[in-house]
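Asker: The structure follows.
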Amino acid sequence: MRQLFLCILILIPLSCLSAGWQIGLDLRDVDSAFMGAIRVDAEVSYRWDGIRVTVPLRYSSSFSYELSFAETGVIVSVYPLENLGLFIGSSMLRAGYFWGLEAPEERFMLFSEVIAGWTLSFPWFFIEPRISILDVFGTEEGRLGDLAEAIPQYSKIRISLIAGVELP
970 MRQLFLCILI
980 LIPLSCLSAG
990 WQIGLDLRDV
1000 DSAFMGAIRV
1010 DAEVSYRWDG
1020 IRVTVPLRYS
1030 SSFSYELSFA
1040 ETGVIVSVYP
1050 LENLGLFIGS
1060 SMLRAGYFWG
1070 LEAPEERFML
1080 FSEVIAGWTL
1090 SFPWFFIEPR
1100 ISILDVFGTE
1110 EGRLGDLAEA
1120 IPQYSKIRIS
1130 LIAGVELP
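Our numbering numbers the first residue of the sequence shown as 970 and each following residue consecutively.
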């Protein structure tokens, strides 16, 4: 009975929400051409009213170290002031995998991320300046430090500029 009530409670508000898909790339990745490593950040999001669920897809590789890193996860963001575009979010799951000759012994890594930013929406596309803080709880400081040494774009605090398209 509780599950039925919970489903109804969730489905009624969702039936009248405006929803849409967003696909974006981090324009700050261009700096990787000058830093001895490559980093590519992409994301796919589904947004309805004041909530957005994002699946980031990230790949990094060092030119001077034999190290590559791929990661993904699920980030949930809320827009407390819908009309202004301001949002805050947190990773529900963030996982990464190392490979290469200089990869750490334990190749799989779970960590966290907190983000805040501003979404500027236009017809069919959006721009989003954002700040993110990695490993908020400090569970993977050692391996993230090694990753930041090999791939300079991995810092504890990162400022990004996401640009992408919005699909209704």
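Heads up, the beta-carbon is just placed ideally off N, CA and C, and yes, glycines get one too.
Going along the chain, which unbroken runs of the beta strand (DSSP E) with 3 or more residues stay wholly within the stretch 1003–1042?
Answerer: As far as the stretch 1003–1042 is concerned, its whole beta strand (DSSP E) runs of at least 3 residues are 1006–1017 and 1020–1031.
Asker: Roughly how many whole angstroms lie between the Cα atoms of R1099 and M1078?
Answerer: One-based indexing of the sequence shown puts residue 1099 at position 130. One-based indexing of the sequence shown puts residue 1078 at position 109. Roughly 24 Å separates the two Cα atoms.
Asker: Among G1133, I1102, F1106 and E1110, which has the Cα closest to the Cα of R1127?
Answerer: Mapped onto the sequence shown, residue 1127 falls at position 158. Out of G1133, I1102, F1106 and E1110, I1102 has the C-alpha closest to the C-alpha of R1127.
Asker: Using alpha carbons as the reference points, say which of R1008, G1086, P1092 and S1129 lies closest to L1053.
Answerer: One-based indexing of the sequence shown puts residue 1053 at position 84. Out of R1008, G1086, P1092 and S1129, G1086 has the C-alpha closest to the C-alpha of L1053.
Asker: For the candidate residues V1043, G1005 and S1033, whose alpha-carbon lies nearest to that of V1013?
Answerer: Mapped onto the sequence shown, residue 1013 falls at position 44. Answer by Cα proximity: V1043.
Asker: First and last residue of the beta strand (DSSP E) that includes G1133?
Answerer: Within the sequence shown, the letter at position 164 stands for residue 1133. Segment I1126 to L1136, the beta strand (DSSP E) holding G1133.
Asker: Let me know the secondary structure DSSP gives L1089 once reduced to three states.
Answerer: Taking the first residue of the sequence shown as 1, we reach residue 1089 at position 120. In this structure, L1089 counts as strand in the three-state DSSP scheme.
Asker: Tell me, please, which residues DSSP counts as bridged to G989.
Answerer: As a working mapping, residue 989 is identified with position 20 in the sequence shown. Its beta-bridge partners are R1016.
Asker: What did DSSP end up calling R1112 once you bin it into helix, strand or coil?
Answerer: Numbered from 1 along the sequence shown, position 143 holds the residue referred to as residue 1112. DSSP places R1112 in helix when its eight states are reduced to three.
Asker: Report the CB separation of F1056 from V1047 in whole angstroms; it is logged as a contact under 8 Å.
Answerer: Taking the first residue of the sequence shown as 1, we reach residue 1056 at position 87. Taking the first residue of the sequence shown as 1, we reach residue 1047 at position 78. Contact flag correct, Cβ pair sits at about 6 Å.
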